[in-house]
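In this text, residue positions in the sequence shown follow this note's numbering: the first is 1358, and each later residue adds one.
Data first, discussion second: the structure below is written as structure tokens.
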Amino acid sequence: MNQRGFYQPNGAWIGDVIPWQEDGVFHLFYLHETRRSPKDGMPWRRVVTENLVDFTEAGEAISSGGPSADDFNVYTGSIVLTGDGTHHAFYTGQNPAKTGADGLALQVVMHATSVDGMASWQRHPSDTFGATAGYETADWRDPFVFWDDEAQLWRMLITARHADGPARRRGVIAQCTSRDLATWEPAEPFWDPRRYIAHECPEVFKIGDWWYLVSSEFSDAFTTRYRMSRSLHGPWLTPEHDTIDGRAFYAAKSAERDGRRLFFGWIASREGATDAGAWQWAGTMSVLEAEQRDDGTLAFHPADELRETFSRPAFSQPGFSQSGEAIASGTVLAVPDGYRDILTSEDAPSSFRLRARLDIAEGTTEVGVLLRASADGDEGYVLRLEPKRGRFVFDRWPRQSTGTEQWQISGDVPFAVELERPCRLDAGEHEIEVIVDGDLCVATVDNATVLSTRLYDRPSGRLGVFVGEGAATVTEFSVFARDERADEREPAASAPEATALDDADDLVAATT
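In structure tokens, the structure reads:
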């Protein structure tokens, strides 16, 4: 598979990513989802990258423990490194055949170590522990371990649910502490908002004077959110715009390198590979970068390394400049009570980067870009800025039909459900950047607000810009294709498989 900037294993999908950065290299452990039935046990696999664009498979890291093991499924966790050079993996073990007091599949926290640079892992089953008092036994997962230098101890954040209370508001980030990474004691909840079903894949990190708490909302929105505080102990403040991306980008966890904070999540696939299909668990790995603003809030955008893989003007016919300009700068679309668009005269390539800068007049209702549109602009995908509503949305036409009659079209849906981001859209110039790679689409407004999705039903079409009930001036509309040298690259060779023992019993090590 020749992929640059995104990653999906051959014949499988990327689940939650557990990123670890060391000596300039990102080691990206991930849940390897095959979608086979019956299930064959989920392992951690690992890919590595230095440039955030080219990914090399390093094989299976922590295998399924087998049909009778607590960790038939090896689910999300974290990595830490101790002073003696030992890497510690803490992860979720789950086996559908083992149930807790609530009759649901039991979840436990498990421990493994590596003394050979993460090439192989030794399990420590005696360190396994389940939910502590007051929490549901079936929700005890995603352990995130970090060193608290002030308190001189290790802290573990755990996705959990209170044993009582309204079912949709029992979500809590539980906490345990340790001095030796082997024995863990329960502590007061780290964050207990009594909101959402669960707060998955929690993590904390610090940038400057601010602490950030990130977790993925397992509830109605299914999105990754963050909170901020001047102290590790809270209170945790909610920024005006608290999401990293939309519905399609989930379970994002981060790692830092050279002062940069990179988030690794997955863009979900849709059932049947169609635009109307239900979102599925797991998909293709995508990387976003967070930048801290002066007030401590975070702006998100694709990493520059991904952007730089698109350097060749996408349209080469006469009339298009070598700068990538596809619609002339200075183009004005003004229509006070109607709609107007302008499109390219040819289809865009299957993979491209579009940069549109639009100077939006006061009082404009909508403005944006068209993707893979028909020649008349009537059908296609739409990325729409709505200044009056302060939002950025993804839309498509035609929408799903429920029957043969005109009114049996989902025309009352104002945009694709769950693909909406709030953002400030004052009058003036705004930038929409779109990176499309096959069926993947990552759109960004003003280098700060990201909306990722899939484009299945229309594999080709034209690009355009539009205005509804207002006016906008195109100050830039440039389109770039993959660099030819990148297109000709051979797929990266897989690294040798990490050493794995076939017999799960052989993986059991002595208690540390």
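From the three backbone atoms N, C-alpha and C, an ideal C-beta is built for every residue, glycine too.
In this structure, LEU1510 lies near ARG1536, with their beta-carbon atoms less than 7 Å apart. A contact is defined here as three or more CB-CB pairs under 8 Å, and the stretch 1377-1393 meets this definition with respect to the stretch 1401-1413. Annotation for ASP1661: the continuous alpha helix (DSSP H) segment containing it runs 1661-1664. Contact between the stretch 1371-1379 and the stretch 1615-1628 is present, with at least three C-beta pairs closer than 8 Å.
In the three-state reduction of the DSSP assignment, GLY1785 falls in the strand class.
By the beta-carbon neighbour count (other beta carbons within 10 angstroms, threshold 16), ARG1650 is exposed. Taking C-alpha positions only, ARG1582 is separated from GLY1818 by approximately 34 Å. For PRO1546, same chain residues with a beta-carbon under 7 Å away, outside a window of 5 residues either side, are VAL1529, ILE1530, ALA1531, GLN1532 in chain order. Of all C-beta pairs linking the stretch 1723-1741 to the stretch 1695-1703, three or more are shorter than 8 Å, placing the two stretches in contact. Beta-bridge partners assigned by DSSP to SER1573: GLU1557, THR1581. The C-beta distance from LEU1463 to THR1494 rounds to 6 Å, short enough to fall under 8 Å. Positions of the beta strand (DSSP E) runs, each at least 3 residues long and wholly inside the stretch 1783-1820, are given as 1785-1794, 1797-1802, 1806-1811 in order along the chain. When beta bridges are read from the DSSP output, GLY1487 appears opposite no residue. With a 10 Å radius around the Cβ and a threshold of 16 neighbouring Cβ atoms, ARG1393 comes out exposed. For the set CYS1558, LEU1740, PRO1500, the Cα lying nearest the Cα of TRP1541 is the one of PRO1500. Nearest to ARG1552 by alpha-carbon distance, out of LEU1570, SER1576, PRO1559, THR1534, is SER1576.
Ranked by Cα distance from ASP1602, the options ALA1805, GLU1560, SER1758 are led by ALA1805. In the structure shown, the three-state DSSP call for PRO1482 is helix.
Per DSSP, the unbroken beta strand (DSSP E) holding ILE1436 starts and ends at 1430-1438. Under the three-pair Cβ rule at 8 Å, the stretch 1825-1837 does not count as touching the stretch 1773-1784. Look at the beta carbons and you see the stretch 1410-1424 touching the stretch 1443-1457: at least three pairs across the two are nearer than 8 Å.
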